[in-house]
Structure formats: structure tokens, C-alpha cells
Amino acid sequence: MMCKVLIFGCISVATLMTTAYGASLSSAKRKPLQTLIKDLEILENIKNKIHLELYTPTETQECTQQTLQCYLGEVVTLKKETEDDTEIKEEFVTAIQNIEKNLKSLTGLNHTGSECKICEANNKKKFPDFLHELTNFVRYLQK
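Taken in order, the sequence shown gives residues 120 to 262; the numbers are from the numbering used here.
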């Protein structure tokens, strides 16, 4: 009898943890995260050449879906602003395109909070800070 209670308790805790933090990611969702990290590392080499301010979400854990959507929108802005920039090499343009594609593939994850603010309610940060925050968010999603 005690064993059944213990097993039931463990199942209850696992269910609560999944509800609170979301289910672990499938391998199909992990691959885009790994690719995102690599592409974000490529952008580290030019972060000081991009002079943009982009909305940077701060409620990453409570509002994963809105955070993804916000970062995706800002990456689209980044792509548009840099596509004609002669200082930005093709390698970096390709990395930005890959980041956009992989962020799109991740939309649909759980963690949607009802108290999440819209993207434009976040502060704008310079590109190096935006890149740092986006990288931290992707690493958070990997856990």
C-alpha cells in the first residue's frame, strides 16, 4: 500500500512539473536549438557592426511563446535592415536567415502566460545586448 502511495506521489509531482515547466523537448525541437546556438555564435563576430536597437523580451520563462514571437519579429527586422548592408558578409546574412527559420520552427512550444506583454512593451536594446539575451533564451529552452 505504501508503495502505491509513493508511486502516485511521484507521478503527481512529474505531472505538476510538466505543467509548470513544460514537457521536455523532442529531438525534432532540440536540433533547431543547437543550430540556433551555432548561428548566434557566428553573429558574435559582427555584433559591433550592427547598429540597431531591437525589442528585447525579459519575461522569458513565464512567456516562452510570446518571447519566441517577439524574437522572431525582431530577427525579421534585423534581416531587412542588414540585407543591403555591404559590410555584412554573406555568411552572416545566411546565419540571420537560419535563425529566422529555426525560430519559426520552434513556435508552438508551451509556456504561454496570460500576463505576458506584447513585444513592443519591452525595452529596445542595442544589437550586442539583444544577441546576448537571445542566446541566453535559446540556452534556457535547451534545458
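A virtual CB, placed ideally from N, CA and C, is assigned to each residue, including glycine.
Inset, instruction - Spatial neighbours of GLN188 within its chain, please: CB distance less than 6 Å, with the 5 preceding and 5 following residues excluded, ordered by chain position. - result: Closer than 6 Å at the Cβ level, and outside the excluded window around GLN188, lies no residue.
Inset, instruction - Identify, in the order they occur along the chain, each residue of the same chain with its Cβ nearer than 7 Å to the Cβ of ASN255, setting aside the five sequence neighbours on each side. - result: In the same chain as ASN255, and ignoring 5 residues on each side of it, no C-beta atom comes closer than 7 Å to its own.
Inset, instruction - Note down the Cα distance separating GLU159 from LYS168, rounded to an integer number of angstroms. - result: For the record, residue 159 in the displayed sequence is Leu; it is not Glu. One alpha carbon belongs to LEU159, the other to LYS168, and they sit about 15 Å apart.
Legend entry - Which of helix, strand or coil DSSP assigns to LEU260: LEU260: helix per DSSP, three-state reduction.
Inset, instruction - Can you grab the Cα-Cα spacing for the pair LYS150 / GLN261, in whole Å? - result: Using only the alpha carbons, I get a separation of about 10 Å.
Inset, instruction - Return the chain-ordered list of same chain residues with a C-beta closer than 8 Å to the C-beta of CYS238, the five sequence neighbours on each side being excluded. - result: Cβ neighbours of CYS238 beyond the five flanking positions: TYR174, PRO176, GLN185, GLN188, CYS189, GLY192, GLU193.
Inset, instruction - Determine the direct distance from the alpha carbon of THR179 to that of LYS166, and round the result to whole angstroms. - result: The alpha-carbon separation between LYS166 and THR179 amounts to approximately 22 Å.
Legend entry - Entirely enclosed alpha helix (DSSP H) segments - the stretch 150-234, minimum 4 residues: With a minimum length of 4 residues, the continuous alpha helix (DSSP H) runs that stay inside the stretch 150-234 are 183-201, 209-225.
Inset, instruction - Grab me the residues of THR201's own chain with a C-beta within less than 6 Å of its C-beta, minus the 5 sequence neighbours each way, in chain order. - result: Closer than 6 Å at Cβ, skipping near neighbours: ILE207.
Inset, instruction - Mind checking which residues open and close the beta strand (DSSP E) that includes LYS244? - result: Counting along the chain, the beta strand (DSSP E) containing LYS244 begins and ends at 243-245.
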